Structure formats: structure tokens, C-alpha cells
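Please read the structure below before turning to the comments.
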Ligand SMILES: Nc1ncnc2c1ncn2[C@@H]1O[C@H](COP(=O)(O)OP(=O)(O)OP(=O)(O)O)[C@@H](O)[C@H]1O
Ligand SMILES: Nc1ncnc2c1ncn2[C@@H]1O[C@H](COP(=O)(O)OP(=O)(O)OP(=O)(O)O)[C@@H](O)[C@H]1O
Ligand SMILES: [Mg+2]
Ligand SMILES: [Mg+2]
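Chains as they are written, first to last, in this note's numbering: chain A, 11 to 442; chain B, 121 to 493; chain C, 789 to 1124; chain D, -14 to 248; chain E, 26 to 261.
So this is what it looks like as C-alpha cells:
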């Protein structure tokens, strides 16, 4: 226990040092991201640590959370809706209906050629019907002012509402994915979920009517109750208050905004960890561990392995979705190009493993530590390289090395990861 | 006293091979200003920050560091539109720091709230689309295939070109994206070839997927001539592909001023490739910031950013690369200047490049200017 | 109706490129599958091992070119390949000694090794960029085409051309040969069997007198050779850029998985499945159909099932479809 | 209780179970013997829903249960142990037992989160029961030991212990005796008899130790090559020529005689 | 008295935590059979592992043919002529039966076709299942593969941890016969058995282990005759 406290204190110290030696704004901004990462790591830990599900589709769920922010908080594009809103909805409905019909037919028809061809006919016919209704509507929507709109927009609701919606969206997707892929084992499941995440991103990139695709959505409203810095700076009351305490109003306003985020993210994190810990230390957690240890035996002991896997997969994904929504609403921007597996999947995995898989506190610690490191090496890497080559005489080699210093980011990450895993191979706070 | 200038570009990530020459361009301008000895506000130093091009959070944190920890007075950057928007809203505006982006071309940034702090030396995609349509229809080309890099730049360009070309009576047989940094472009080339067209419009980056698509098109004999957008401009392409590229053409921002040539010359002497995509714009961004500071006689962003539009546009004495010392003298003397720079800077609207273009053709392995638009 | 032209158009734009790309993926996947089969973890550093090997080969190629050594119509890089393999093998053995061995002794869970390999990937990534930089490198010399599209048209008088590059041919042949060798080695030779035994049950392998260190060393050497060969052939065909090599990892893993981890034949099959699905499903059949049907019926549209935006999505969808019906891949792979 | 009708289970071309028909009467302790590879474990696997049959039916109390998943069969009161121990390695022995009872309140998340008192109460009951079982199996000192780190025989005991955690109707025991100390095995035998008598469990027991079979079982079924070779009382089966040839061998007879001589 | 061929003397050690073995001694003479019996969890398997070097000893040492081998790795002990069949995880599940046997002969440089034929004679079922992955075999068949693999080594001393667990009576009898035969050729055999009566019957020496310590040590016959041993450890 003391060791764990010391570890958390150590990580806290890192943030404090960043504040002292760099700036508090930077420290808080890194902290916010780390908190979001920690929540994602918790989501992954629920899936991996509790149930042994190797999910590498984190990126997709985070992106769906981001999509929720657009759908909930941006203003609707009225012209877009008029141009083809109904067509798109009708198309989507047709698509869903034909899939449902195909599944229905597959289940109802007797096994044999009739079933195969019947189902296939429904799928193919449905596809063309879908395209016929959907495509023209999409073209119409995307034609409206493509430079700044070209989409349907959202509901214009408060951005904070997007967080739970992001969770729900991710949960829904997880349900569908789980139905398809949870029969797969270890690395096969990993690559399948990775693939599904890529598909999600491909859809978000290319379906401009949804959220403008690669053209990005910027300037989304902030979640309540986070204020805007510029507003604070204009408010006489705030400026007074800041100067009275001896702060520069610009800096103070940024810090206040970031502290608001810290409070909100922190609250979500605490809620998630409270629920996770309770669940883990209960008969439910025991059952999950049993399933993870030996599925065959758990099934023979009356546990419905498939259902439990699905449940835990949905839960974990929902947590990731919430974090993804928080991420997007903090940036105020959704850029599907941003989602790449290295950053949104494997970095989160590094957090879970470095922290100690199967242990919620470990996942949080890993999230905070690796989150900090990922952003801090951006500036520390070149500095280290500068110090390393200081002794070299000027020349092409030295310039080459200094130019290459930016890549120290990945190198440093790698070295730290290897060092941590070397000295505590089961993670910093291992599972009991 | 030091005046710090932040260079916020994607040193790692998908554009990592493009960015070094951009950063060098900006540093080159800084060096020129320092060497001139005419910059009275202090010695200019640069601090690099990494946007990774794609990771908004990392970019924001890097910007946060530049501004609140390193204390930069202005930012050259960011590079990709997405992260640029995030940095603008989350760091630049709150802290009142001005930024000039050399390569964020998304039209959406034109309407973003910026408190007058944001400029870009790259033209918005909408403008280039029209230029492309003009050039092609003048050459009597009626149908083309388009491939674009799947980001806001490529997509925006393809959209605006498609609209402009259609208005002129041309037809686009297919407009299909390619992802940068991928292993193989056979599928794209196969579709492009099947759709056909007199030539292929490549709206991508010179050392990324754009090059891959051209290579694969030539290898399979799908297309033999290409239109190259500004991101595709560069000697490195000719070096890599060689002879088959003869007869392809394109346009880059530029005027008939000798600025671009002078810059490339100087860059070569300084040991980097000034012809690479957005290197010129980066030089211009840095130069504009520093000249504006001199004109405002202040490093405060509110002050210098008010001067940018004046300096960038006529009337005034035109300033080319290598003439920053002279420009500083003129400013000190109170003479009006018109910064032309390496990429023929002309800022319009909300502070973005107006986009004069230089049309060129590749002949016998050389880039030859055809005319200016 | 013009069957010949239709066929040539199909071959030129679909079959040949997909075959070549498939072989490139397959060569990469062979390395991944070998490590998985013997050492039982997914090696994320494989893409960067490929980059490392290629980098060494390029450096040696440059040196050879500078002293005037060439290889006739074949690329000089093939001469430099052995040096690349040797250096990469040495590097791989070094990493094993310094890094992986520790976890093997600890009997760490496979996922830990995956994360460790992620760390190694970061480090190698950095090293390669530090040494050769991030830019594109073209190092192919010698003849480029076995037959070019223009020559083909001239020769046959057809409207469509068929281009086959030398590197494509070399890649396809190498992939098949290497697969055969690997299969034979693992299934038939004593050393190969001892490697499989080691992967099956390490403790029992000890009790049979198998020297674990030797098994591991051989595995790394073969994996390094495979990575270097794959990387160099890919680089010759396209070009070398560290970022692209890193990106290659995903399709390579997809190929290894679809074929079944641990199975050399699976790796080859998987490479082709991924490559062909990428190219075929998004292919616009317009041209081919136009050749085949009477003129009056020529299609207006592109006759494209999906746009190329979705080529990765499609190949992954096919991967998932395969896994639903064959949960451990086409050739009954392993799972840990 | 259980009726197996013309059951087949093939692996590729190999017929592991090849048309076996048999009946396990309610309240009996049925022994299942047969040479290695006779298909006994495969038969168990099919009955317990772990493998789908190639053809044939399994009835439980007249109800067709062919192909039901294991967890549903468990809820119907059908339990089994594994020949090769399937413990939950990273959990303690106590937890291994405590996870067994079905429909625990604490296994639904809502209760786990918001209804701790009720869960705790139930836990106490289950824990006590698990402790009793460990006590009975003479391994209570291992209650906090990880199940992955106990001896081979201890794992077998744990395997048996799990069936004692709930009220089963029928229990399939696959070689509980292999690797278990003979003195302890006698105690286990007594327990089986007691469960059978006092709680009305039906048992089906695979075992190669004929002494054990002889002590407990009536009737005994002998399988060979996927078919039922003989069935009847222990003595009938033991003296069946085909059984002796395929399974018991003549060595045993000598041994049995010897035993008799020893007293 | 001359030193026994193989002896683990006063071994003390365990799996990291508390000691399992407490100054436990086990030995076997050349060409003889020694049998270890005891309750579950007594430390029998642990003692075997300790003798084979798969466990770190805190005290005591292991000697083979007079040479101290305490510090050798398991594979070095294999090279010195020791063979071992563990109680669990004792076959290569993904390899065929034949490959399993070949792996048994891995360190042999001579032709081992003979030995393999002998093993197939002993366990005819294995010959039938030659090309099947061993993981698909029944429990008893696996056990036969495991023993067969060890026989392939042609060791000087063979250590078997419950070789007869799960094998049918007819095979068990043959197995014991065969073990006697093997011992007659001069190979020492050290085995753990729960089918203790049959095992002690053929044993030259018997050890009863309780809680990691030697409780009784005597000839097999003597132990069988000891009523206390019979009652407490052999099931009456
Ligand atoms: N998955 C499988 N694939 C192929 N053959 C199998 C498979 N499982 C079992 N078999 C074969 O089926 C036969 C019956 O096996 P089973 O495990 O039912 O035997 P058993 O009667 O339980 O024997 P034992 O007493 O040795 O445990 C064996 O010959 C075995 O090789
Ligand atoms: N891997 C391990 N880690 C920790 N303790 C262990 C481990 N394996 C066994 N033990 C403990 O060591 C003691 C001796 O185990 P061992 O396997 O030697 O028993 P055994 O005499 O062979 O019993 P059995 O007849 O049941 O096989 C047991 O109490 C067991 O719980
Ligand atoms: Mg069995
Ligand atoms: Mg044991």
C-alpha cells in the first residue's frame, strides 16, 4: 500500500515539477489529457484485466465518443436537412431493415440452397436499394456549402450531454461488434477489433454528411460549465480578482479553464474507478476472473461465458466512449484523421500494462504516467539530445543528430517502457 | 534580450519527411533577420514544437509549452489544418499569441474566430481549384481523373476543383482519395485507370501518397501525364521519378517576381531543399512575423498582428527573400513596404494568401515556368 | 466484345499488382508468423526490423555504387542484401539478449511481450530515423521492367498494355520459395522440430535436452533474414521510408492472422487474401465490362462496388468474415 | 435419469463414440470403465454439452438435452469434473469453490454496486460452505493458496470439491481417483456414497481403479472402441471374457487373488 | 556402503515462499527401482523436480554416479543420462505422437528406430495414432506417450512422476512389467506412484514422504507389510 502511495506521489511530483520548471498551464493541460487517458485505460482494464479480452479497437470507440459530441452539440444545418436529411434517414433505415430481414431469413429458412440464395438475394437487393436512396441524398447534403458545412449537423444540445451519449454510442457499437467477434481468441480478436476500428474511422473520414469527414469540425461549443478564456479576460470581475491575487489575467483565465476540466474529468474518473473497484471486489469480479482463467471450466460451472464477455466488452467500451467524448469536447474539434492506432490504441495499452493489468489503480497510474511522458518528451527529447551532442564538434554529424532529435519522442517512450517493464514486469501496481 | 519565435510543425507523424524543410525555411528567415543586425527588439531565437500533424492534444500541449513555458511571442504554424484550429482556439486565443500558418489550407479556418491573431501564407484551397480548372480548360483538356490525399487539404482541393472544372464544362471521371504513408496504391490506380481520363490530377504531397500514385500509374501505364498541385511541387519528385514525368505540369503560388528562384538558390547554399512543399511559405511566415514586430516596434502579439496585413500587401516597396535587412531598414525609416517573399505573399480577407499562381511544366527533367496567374 | 483486352486490363491493373503486393505482405507475414509460432508473441517491432534491415542494405548499396560494384540488370541492393541480413540478425540477437530473454525466463504473459516489442519498436523506429533520416530513399538501379506496358502493346497490338516489373517477379518467386523452405525446415528438420517443441512446451523441451538458447537464436536469425528480404524487396519495388514501413505492420499482421498465426502457408495465403481484397472489391469494372459487352451496352457508371475510400475497410471486413467462419484463420493457426 | 440413444461423435474419420446407447438410472452410482481411448471422456463431453454430437440424442428425465450449452445443463443440475484438472489458476482454492453456486446475487452488477449488504450476507454463507468442503477434502490449509500452485492430486480434489458446492441431480466424475492417494480415495468414496444416499445425487463415475469401482458402483458399464461392450453388476462385468481381454488383462486376476491371500 | 547411483541428499527448498522440502533424501541404486509414496501435496513431485534441477535448493545436494550435479541445468542433466516424465504437461500437445517420440531422442546421435519400435510394441495404440497430434489423445494415451518419450532417451536413470495415473489396468500391468525389464538392463528407476501397492511390490526401495520429510524408508516389501503404512498411505 505504501509503495502504491509513493508511486502516485511520484507521479504527482512529476506534474508539480512540470508546473514549476515549465509552466502550470502546461502541467494542467498534460494532466487533463492524462486523466482522459487514465479513464480509457480503466475501460481497457475492465476488458483485459477482468475478462482477458484483447481489444485493440479502442481507437474506434474513442472516435465514436467524439462523433457523439458533434451529433449532440453542434447546430443543425437546416439547409442540409432540407436537401437530403429525410433521404439519408430513409436510406439508413432501408439498410438496417435489409440486414435485419437477411438475418431473419437466415434464421427462419430451412438449411440448404434456398436459405443461402434467399439470404444472399436479400443482402444484395437491400444493398442496391440502400445505395439508390442513400447516394443521391448524400450528394445533395454534401453539395451545400462544402467548404464550411456539407453535413447535417447536430442537435444543438449542451456539450456535456455528449459525454453519456458518447458512452451509449460506443456501447451500441460494442454490442454489435461483440456479437460478431467475441468468439475469437487472443490475437485474432485483437486484429479483428483493430480492423473494425479502422472501418469506423474510414466511415467517419469518408461520410462527409455525418461530420464533414476529413474536412473536420472545429470550434465546437465547450461543455457546461467550462468558461471561455476570452470571456474571462473580458469580465471585469475576473480581471479584478486575478490582479488582486497577483496573477496575470491571461494566465489566470487559462488556468481556471483547465482546472474546470480537471474537476470534471477527475469526477468522472473517480466515479468510474469507484464502480470498477466495487464490481471487481464482488462475486461478479470473482466470476469474471474465473472466466478469464478457464472458460471451459467456468461454463461447466454454470457461467454464461458469452454473455459475460459481451457485458464486460460493452461496459469497457462505453467507458472508452465517454473518455473519447471528453477528449473531443476538450479540443473543441473532431478530426477523424487524428485517430491512429498508435496513439489511441497502443499507447493506452502501454498504460494498462505499465500500470499493471487487472488492477484499477495500476491502470490509473499508468494512464497518468504514460500520459505525462507522451507529452513531455516532446520537449525533453530534443533537450536531452542537445546535452548529449554538446561535446561533439560542429559538423554534419552534429547537425544531423540535432535535426533528428525530434524523433527522440518515440525513442524515449520506448526506452521508458522497456525500463519500467524490466524492473516491474507485471506492472507498477500488479494485480493481487 | 531574446525574442522567441515558436515553430510548431509536425516533426513526427505522417508529414515528418516534409516538415524539416519547412522548419529550415522559417529558421532561415530568422537567421537572415539576426544577421542583418537591424532588428532592434532583440536577438531572435526559435523554439520547436511538435504537432505530429494529427494529434490535436499533443499539438495543443506543445503549443502550451511554447507559449506558457518558453514564452514565445509568435508562432509559425501549425501545419495541418486540424491541429492548427485546435491550437488557435485552445492556446493562441486564450493567451493572445499571434500565429501564421504556412500550410493550413482548410477553408473552414477562414471563418474561425481568431481575434485578429491568425494568418496564413498558404492560399485557401478554394482559390487553387479555380486556377487548376483555368489551366486545364485552356489546354483543351475535357476529362480528368482526380486523386487526393485523404485529409482536409486534399479533399477541399478536390471539391473546389471539381466544382470549378464542371463550371467550365470539363468532367471529372473519378475523384478518389488515397491515404498517405500506406504500403500500396494499386487499388487506387486500378480504379483511376478504369475510370479513364486524359490525365490524372494529383492533389497530394510530393513525398507521400501522391508520389506513390504517380509511380504506380507510370509503372502500369495507366496515365502518362499528371497535373501537380502545390503540395506536389518539388525537385525531389523529378529526382525520384525522372524522365517519365516530362510533360506533366502544375501550378504553385508565386508571381513573376524572382522571389521563388532566389529563395531556392539561397536554400541550396544553406544546405536544404527550398523547393519542397511549403518551405517557402514557412520562410514567409517567419519573415512576416518579424517584420511586423519591427513595424509595430513591439513583440506583443496584439501589436504586431495589427501590422501584418499592411506589410503583406501593396502599396510599398516589394521585398524579396534575402532582402529582409533592407526591409527592416525601410521600416525603421518609416517607408511602406510590400512583402512579396518567396511565395508572393498577398493576404486577403481574414488574413489568408490571395493566391497568385505560377504555372509550370516539366521539360527534360527541369521545371519551367510557363506563365503567371 | 474483346476478351483479350479485357483480360489484359484485368491482369495489368488487378492481378499483377495484387500478386506483387500480396507477396510483399506475405514475406513480412512469414516473419511475424515465425516469431509467433516459436516464441509465442506478436512481434510489433517487425515492421521496424524490416526498416532496419533495409536501411543497412541501402547504406551498403550506396557504398557499393560509390566504389563501382553493380549487379548487371539486377539491382545492386540484392548484392548488399547479405550484409543487411547479417547486421539485422546481429541486432535481433542483441535485442533478445538484452531485452526479451529476461521476460522469457520470467515466463511473462504473451501480452507483456507484445508490449515489450512495442517498446523495441519505438526504439528501433528512433534509431533508423536517427541514422538515415525520415525521407524517401530510392535505391533501385538496374533494369526496372521485365516488360513495360508500351512494349507489350507494341508486341501484341492490343489496346491494353501489360507491365511486369523485375522487382515484382523477384518478390513473387522469393515469397513462394521462402515459404516452402520455412515449411520444410519447421516440419521436417530436427532443428525445426525442436523449435516447435520448444514453442509447445518449454519445460518439456528442456527435459528432452533441447537447448532453448539455440532455438531462440535460430528463430531470431531467420526472422531477421525474412524481415530484411521483405523490406528490401518492398523498397526496391516502391521506395524506402521509415514511416511507411511502420504502417506496413497493420496489413502484415492482418495477413498473418487471416492465414492463421504460426502457419507459413497461411502467411502466404493471407498476404494474397488481403492484397486481392484491397484491389478487387474497390476496383471499377467499367473498363473490363466495356470490353466485354456490345458497345451499346457500355456502362456509364464506374461499376464499382465500393469506392477506394473503403479499401482498408473492405480488406478488414473480409478478414473478419474469414475469422467468423474459421476462428483461427484459413490454415488453423495457433493461439496463446 | 440420463438416457443416451445411439450416440455418435466422430473426429474427422475417427469414431471416438460410435453408436453408444446406455442409461443411467436415477439414484444409482454407475461406473464407466473401458480401455484408454474407448471414448469415455468424449461421451461425457457430449452429454455435458462441451462437444456437439455427430448424431444421436441425450435425454435427461425424458427431456431432450442434446447440444444444450454447458451452463444451461449446470442449471438443470448436471455437473461434471474434468479428467485433466481445469482449475482457475490465479484464484485461491477458496475462491475456486465460492464461484460455483449459481445465480449468486452478487453476480449481477447492480447488486455488486448498490446492494452490498445482501451480497455480503450471501457471501458469508457460501464461504462457510466452501470451508466445509475444503475441510472434508483435507486441504483446508490451502484455502488461501492459488489453485495454480497446488499439487496434481490436490487439483483433483478441488475439482471434486466444486461438485459438492451445489445441489446437483447428477454428477459426472472423470477419473477423480487418478493421482489421488488411496487412503484419501477411500474417504472420497464414502462421501460419494453418502451424497448418493442422503442427498439423492446420481453419479456416473469413470475410473480405472477396479477396487474403487467395485466398492461403489452398481451397475458398471464397460466401453470399448466407442461402443458399449458389456454392462451389469461389477462381478458380471469383471468376469466377462471380452472385458478381461480388452481392459482388465490377466495381471489383475492374479493381483486380485493375491489380495485375497493377503486378506 | 558405497554411494547410490543417484541421490538427492538432505534437500531443502520450495517454490519461492515457504520451504516444501525439509531435509528430504531420496536415492536409487544402479539397476534398481525406488518408489516414492505419500499423501497428496506431500512434496513428492517437488522432490523429483528438485532432483532434476527444476527447483532451487536452499540446502542439500544432488549426486549422480558420485559427481555433484547440484548446479547443473536440467538440460545438462539430460545430457548426463537422466530422463524425466513430469506429472502434468508431459507431452508436446501440438506435435504428432511420432514427433513426440523423436523429441525424446533429441540428444541421441545414433539410430533410434529400434527404440521407437520397442515403444510401439509396448504401447500398440500409439502406433495407430502415430500421425495424430498428441493433444487429441485420451488421457491414458497421453500418459503412454509421455512414458514413451522418456524411454526414447535411453537414459541411465529414469524418473517417472505417476506414470500410471489414468491408464487402464491392462496397460498398467504391462507398464510395470516393462519397468522391471528396463531396470534389469541396468537403468535405475525412481518413481512416484499412487497405485502404491503394485509399485511397492516391484520396488527395491520405498520412501514414504509426508510434509516434505522422509517418514518411512525401507524395502518395498517391508513397507507393504507395515500395517501403519498400509492404513495411512496405501488405503488399507
Ligand atoms: N479432438 C480430437 N481429435 C481427434 N481425436 C480425438 C479427439 N479427442 C479424442 N480423440 C480420440 O478419441 C478417442 C477417445 O478418447 P477419449 O478421451 O474419449 O478416451 P477415454 O475413454 O476417456 O480414455 P482414457 O481412459 O485414456 O481417458 C481416443 O482414441 C482419442 O485419440
Ligand atoms: N508451483 C507451485 N508454487 C507454490 N507451491 C506449490 C507449487 N506446486 C506445488 N506447490 C505446493 O507444494 C506442496 C507439494 O506439492 P507436490 O506437487 O510436490 O505434491 P505431491 O506430493 O506431488 O502431491 P500429489 O500426489 O498430489 O501430486 C503442495 O502443498 C503444493 O500446494
Ligand atoms: Mg478419459
Ligand atoms: Mg505430484
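Idealized CB from N, CA, C, for every residue including glycine.
All values derive from a computational prediction rather than experimental measurement.
request  = Could you confirm whether any beta carbon from chain E is found closer than 8 Å to the beta carbon of residue 26(D)?
outcome  = The sequence position of residue 26(D) within the fourth chain is 41, counting from 1. Yes, because at least one Cβ of chain E sits closer than 8 Å to the Cβ of residue 26(D).
4-residue-minimum alpha helix (DSSP H) runs that sit fully inside the segment 978 to 1045 of chain C, ordered along the chain = 978 to 988, 990 to 995 and 1000 to 1025
ask   = If we ignore side chains and look at the alpha-carbon of each, how far apart do residue 878(C) and residue 1008(C) end up?
value = Mapped onto the third chain, residue 878(C) falls at position 90. Mapped onto the third chain, residue 1008(C) falls at position 220. One C-alpha to the other measures close to 9 Å.
query = DSSP on residue 177(E), reduced to helix/strand/coil?
reply = What you label residue 177(E) is simply residue 152 of the fifth chain in a count that begins at 1. Of the three classes helix, strand and coil, the one that applies to residue 177(E) here is helix, per DSSP.
request  = Since I believe residue 797(C) is in contact with residue 1076(C) (beta carbons under 8 Å), could you give me their beta-carbon distance rounded to a whole number of angstroms?
outcome  = As a first step, residue 1076(C) is located in the third chain; it is residue number 288 there, counting from the start. As a first step, residue 797(C) is located in the third chain; it is residue number 9 there, counting from the start. Indeed, because the Cβ distance is near 6 Å, the residues count as touching under 8 Å.
ask   = Given a threshold of 16 other Cβ atoms within 10 Å of its Cβ, counted over all protein chains shown, does residue 844(C) qualify as buried or as exposed?
value = In the third chain, residue 844(C) corresponds to position 56, counting from 1. When all chains shown are included, residue 844(C) counts as buried.
key: Residue closest to residue 10(D), alpha-carbon to alpha-carbon, out of 234(D), 181(D), 102(D) and -3(D)   = Reading the fourth chain from its first residue, position 25 is the one you call residue 10(D). That would be 181(D), whose Cα lies nearest to the Cα of residue 10(D).
key: the segment 43 to 62 of chain A contacting the segment 323 to 336 of chain A, beta-carbon criterion three pairs below 8 Å   = yes
request  = Could you spell out the range, first to last residue, of the alpha helix (DSSP H) harbouring residue 325(B)?
outcome  = One-based indexing of the second chain puts residue 325(B) at position 205. Run containing residue 325(B): none; DSSP gives neither H nor E here.
request  = Identify which residue in 159(D), 2(D) and 149(D) has its Cα closest to the Cα of residue 69(D).
outcome  = The sequence position of residue 69(D) within the fourth chain is 84, counting from 1. The candidate whose alpha carbon is nearest that of residue 69(D) is 159(D).
ask   = Does the beta-carbon distance from residue 123(B) to residue 163(B) come in below 8 Å?
value = Numbered from 1 along the second chain, position 3 holds the residue referred to as residue 123(B). Numbered from 1 along the second chain, position 43 holds the residue referred to as residue 163(B). Against a cut-off of 8 Å, the Cβ pair of residue 163(B) and residue 123(B) comes out as a contact.
query = Exposed or buried, what is residue 220(E) when buried is set at 16 or more other beta-carbons lying within 10 Å of its beta-carbon?
reply = Within the fifth chain, residue 220(E) is the residue found at index 195, counting from 1. Residue 220(E) is buried by the Cβ-count criterion.
request  = In angstroms with no decimal places, state the Cα-to-Cα distance between residue 295(B) and residue 89(A).
outcome  = Sequence index remark: in the second chain, residue 295(B) carries index 175 (1-based). Sequence index remark: in the first chain, residue 89(A) carries index 79 (1-based). Looking at the two C-alpha atoms, the distance is approximately 25 Å.
task = Under 9 Å between beta-carbons, which chain B residues line up against residue 1090(C)? List them in chain order, please.
result = Mapped onto the third chain, residue 1090(C) falls at position 302. Neighbours of residue 1090(C) on chain B, chain order: 293, 294, 311, 314 and 315.
query = Going along the chain, which residues of its own chain have a beta-carbon closer than 7 Å to the beta-carbon of residue 17(D), five neighbours each way excluded?
reply = Taking the fourth chain and counting its residues from 1, one reaches residue 17(D) at position 32. 25, 189, 190, 191, 206 and 208, listed in sequence order.
query = When DSSP labels each residue in this structure, what does residue 1072(C) get in the three-state scheme?
reply = Here residue 1072(C) refers to the residue found at position 284 of the third chain. Strand, per DSSP.
key: Residue of 408(A), 409(A), 358(A) and 389(A) minimising C-alpha distance to residue 48(A)   = Here residue 48(A) is taken as the residue at index 38 of the first chain, counted from 1. When only C-alpha atoms are compared, the closest one is 358(A).
inquiry  = So, with DSSP's three-state summary, where would you put residue 45(D)?
reply    = By 1-based counting over the fourth chain, the position of residue 45(D) is 60. Residue 45(D) falls in the strand class under three-state DSSP.
Reduced DSSP category for residue 126(D) - H, G, I as helix; E, B as strand; rest coil = The residue labelled residue 126(D) in the question sits at position 141 within the fourth chain. Here residue 126(D) sits in helix by DSSP.
Cα-Cα separation between residue 1078(C) and residue 1086(C), rounded to whole angstroms = Counting from one through the third chain, the residue named residue 1078(C) turns up at place 290. Counting from one through the third chain, the residue named residue 1086(C) turns up at place 298. About 5 Å.
task = Over the uninterrupted alpha helix (DSSP H) stretch that includes residue 67(E), give me the two end residues.
result = As a working mapping, residue 67(E) is identified with position 42 in the fifth chain. No alpha helix (DSSP H) holds residue 67(E); DSSP gives it neither H nor E.
query = Using a beta-carbon distance below 8 Å, is residue 313(A) in contact with chain D?
reply = If you number the first chain from 1, residue 313(A) lands on position 303. It does; some Cβ of chain D falls within 8 Å.
request  = Just the C-alpha distance for residue 31(E) and residue 167(E), rounded to the nearest angstrom, thanks.
outcome  = Here residue 31(E) refers to the residue found at position 6 of the fifth chain. Here residue 167(E) refers to the residue found at position 142 of the fifth chain. Taking the straight line from one Cα to the other gives about 28 Å.
request  = Measure the C-alpha to C-alpha separation of residue 119(A) and residue 136(A) and round it to an integer number of angstroms.
outcome  = Indexing the first chain from 1 puts residue 119(A) at position 109. Indexing the first chain from 1 puts residue 136(A) at position 126. When rounded, the distance between both Cα atoms is 18 Å.
query = Among 103(A), 128(A) and 99(A), which has the Cα closest to the Cα of residue 113(A)?
reply = Sequence index remark: in the first chain, residue 113(A) carries index 103 (1-based). Comparing Cα positions, the closest option is 128(A).
task = For residue 409(B), count neighbouring Cβ atoms within 10 angstroms of its own Cβ and tell me buried if that reaches 16, exposed if not.
result = Translated into the one-based positions of the second chain, residue 409(B) becomes position 289. By the neighbour-count rule (16 or more Cβ atoms within 10 Å), residue 409(B) is buried.
Beta-carbon contacts of residue 260(A) that lie in its chain and below 7 Å, excluding the five residues immediately before and after = Translated into the one-based positions of the first chain, residue 260(A) becomes position 250. Closer than 7 Å at Cβ, skipping near neighbours: 243.
ask   = Taking the alpha-carbon positions, what's the residue 75(E) to residue 28(E) distance?
value = Along the fifth chain, one-based indexing puts residue 75(E) at 50. Along the fifth chain, one-based indexing puts residue 28(E) at 3. Near 19 Å, if we compare the C-alpha coordinates of residue 28(E) and residue 75(E).
ask   = Looking at the C-beta of residue 26(E), does it have a partner C-beta in chain D at a distance below 8 Å?
value = Walking along the fifth chain from the start, residue 26(E) turns up at place 1. Caution is warranted here: a pLDDT of 47 is assigned to residue 26(E), below 50, making its placement in the model unreliable, and no coordinate value can be reported.
request  = Determine the DSSP secondary structure at residue 1092(C), reduced to helix, strand or coil.
outcome  = Residue numbering aside, residue 1092(C) sits at position 304 when the third chain is read from its first letter. Strand, per DSSP.
ask   = Can you tell me whether DSSP reads residue 213(D) as helix, strand or coil?
value = As a working mapping, residue 213(D) is identified with position 228 in the fourth chain. It is a strand residue.
request  = Pull out every residue of the segment 232 to 245 of chain A whose Cβ sits closer than 7 Å to any Cβ of chain B, in chain order.
outcome  = 239 and 240
Under 7 Å from the C-beta of residue 9(E): neighbouring residues of chain D = Summary: the structure shown does not reach residue 9(E), with chain E confined to residues 26 through 261, and so no result is reported for it.
inquiry  = Is residue 175(D) near ligand 4 - that is, is its Cβ less than 7 Å away from at least one heavy atom of it?
reply    = As a working note, residue 175(D) is residue 190 in the fourth chain. Not under cutoff, so the answer is no.
request  = Note down the Cα distance separating residue 333(A) from residue 80(A), rounded to an integer number of angstroms.
outcome  = Here residue 333(A) refers to the residue found at position 323 when the first chain is read from its first residue. Here residue 80(A) refers to the residue found at position 70 when the first chain is read from its first residue. Approximately 15 Å between the Cα atoms of the pair.
message = Among 381(A), 46(A) and 362(A), whose alpha-carbon lies nearest the alpha-carbon of residue 372(A)?
response = Residue numbering aside, residue 372(A) sits at position 362 when the first chain is read from its first letter. The residue with the shortest Cα to Cα distance from residue 372(A) is 362(A).
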